[in-house]
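Inspection log for the structure reproduced underneath, given as structure tokens.
Numbering (this note's numbering), first residue to last: 380 to 602.
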């Protein structure tokens, strides 16, 4: 749950929201006992009896291995031993250590492959949201132009104030991101579409802006 929503809930009802992170394959994984609601994506510490290990502890974010008595035996009818076997479950989420706990920073399926460099959309989104006037940002990958050396390229959609332009945002990204993280294009929209559960439809956006022939709108695109 977004921190802004959790804080509004607390202001209205006087109750804090505790984040709980789990999966069907293993039950509960982490729980935010303190419910400070200060860090986006923070899910707290591993629950009692649950062991959480980063697959790549040297990376800024990584998938995790979950061990507990609640981990399932496997999938049926088709097994996936890389994700679930021998008492270990590996979720698709990307997590980072945050103090004594963890925070979710993305999903492995959302990672963009730019000439072998792995780009986490959440990192680019966080940078765009630091720009004054940007209220929402969604980053995704699309196939690069034919003949290009890169497999994918980074694209962003943002909801921003009228004075914000694509050139301003691109300049801001070039000044604060690694070259391979900088979006190829940034589209300014009135609203970013979500599904019936209120989640961002990254794949729909990727299909909508699937070719490099798309030009940035003069002002903004409707939802």
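We treat Cβ as the ideally placed atom computed from N, Cα and C, and that holds for glycine.
What residue range does the beta strand (DSSP E) around residue i cover?
i, result
"residue 474", "472–477"
"residue 496", "496–498"
"residue 482", "480–486"
"residue 521", "513–522"
"residue 401", "399–402"
"residue 405", "Note, residue 405: premise wrong, no beta strand (DSSP E); not H, not E."
"residue 384", "Per DSSP, residue 384 belongs to no beta strand (DSSP E); it is in the alpha helix (DSSP H), 382–392."
"residue 455", "Here residue 455 belongs to no beta strand (DSSP E), and DSSP marks it neither H nor E."
"residue 565", "564–567"
"residue 450", "Segment: none, residue 450 is in no beta strand (DSSP E) and carries neither H nor E."
"residue 491", "491–493"
Rounded to a whole number of angstroms, what is the C-alpha to C-alpha distance between residue i and residue j?
i, j, result
"residue 581", "residue 531", "15 Å"
"residue 553", "residue 472", "27 Å"
"residue 549", "residue 489", "21 Å"
"residue 445", "residue 434", "10 Å"
"residue 546", "residue 481", "35 Å"
"residue 499", "residue 453", "29 Å"
"residue 579", "residue 448", "33 Å"
"residue 602", "residue 540", "Because residue 602 sits at a pLDDT of 44, beneath the cut-off of 50, its placement in the model cannot be relied upon, and the following sentence gives the value as read from the coordinates. The alpha-carbon atoms of residue 602 and residue 540 are separated by roughly 16 Å."
"residue 564", "residue 555", "16 Å"
"residue 463", "residue 407", "15 Å"
"residue 561", "residue 533", "7 Å"
"residue 542", "residue 567", "11 Å"
"residue 600", "residue 470", "Its pLDDT being 49, under 50, residue 600 is placed unreliably in this model, and the value from its coordinates should be taken loosely. Using only the alpha carbons, I get a separation of about 35 Å."
"residue 494", "residue 390", "46 Å"
"residue 597", "residue 486", "Because residue 597 carries a pLDDT of 36, less than 50, the predicted location of this residue cannot be relied on, and no value is offered for it."
"residue 413", "residue 439", "24 Å"
"residue 559", "residue 491", "10 Å"
"residue 511", "residue 451", "46 Å"
"residue 385", "residue 416", "7 Å"
"residue 573", "residue 436", "33 Å"
"residue 397", "residue 411", "5 Å"
"residue 603", "residue 551", "Past the edges of the chain, shown from 380 to 602, lies residue 603, and the structure says nothing about it."
"residue 587", "residue 392", "40 Å"
"residue 505", "residue 570", "18 Å"
"residue 577", "residue 483", "18 Å"
"residue 381", "residue 442", "21 Å"
"residue 431", "residue 544", "43 Å"
"residue 428", "residue 466", "13 Å"
Assuming residue i is part of the alpha helix (DSSP H), what are its boundary residues?
i, result
"residue 531", "Taken as a continuous stretch (DSSP letters only), residue 531 belongs to no alpha helix (DSSP H), being part of the beta strand (DSSP E) at 531–539."
"residue 612", "An answer regarding residue 612 cannot be provided, because it is not within the stretch 380 to 602 covered by the chain."
"residue 585", "581–587"
Round the Cβ separation of residue i and residue j to the nearest angstrom and send it over; I've been treating them as touching at under 8 Å.
i, j, result
"residue 503", "residue 535", "7 Å"
"residue 405", "residue 422", "Going by Cβ atoms, the distance from residue 405 to residue 422 rounds to 14 Å, so no, they are not a contact pair."
"residue 538", "residue 507", "Not really, about 11 Å apart at Cβ, beyond 8 Å."
"residue 585", "residue 520", "7 Å"
Does any residue of chain C bring its CB to less than 9 Å from the CB of residue i?
i, result
"residue 429", "The structure shown contains no chain C; it is built from a single protein chain."
At least three beta-carbon pairs within less than 8 Å, the stretch 395–403 to the stretch 455–466
Output reads no: the stretch 455–466 does not touch the stretch 395–403.
Continuous beta strand (DSSP E) assignments of at least 3 residues falling wholly in the stretch 417–443
421–425, 430–433
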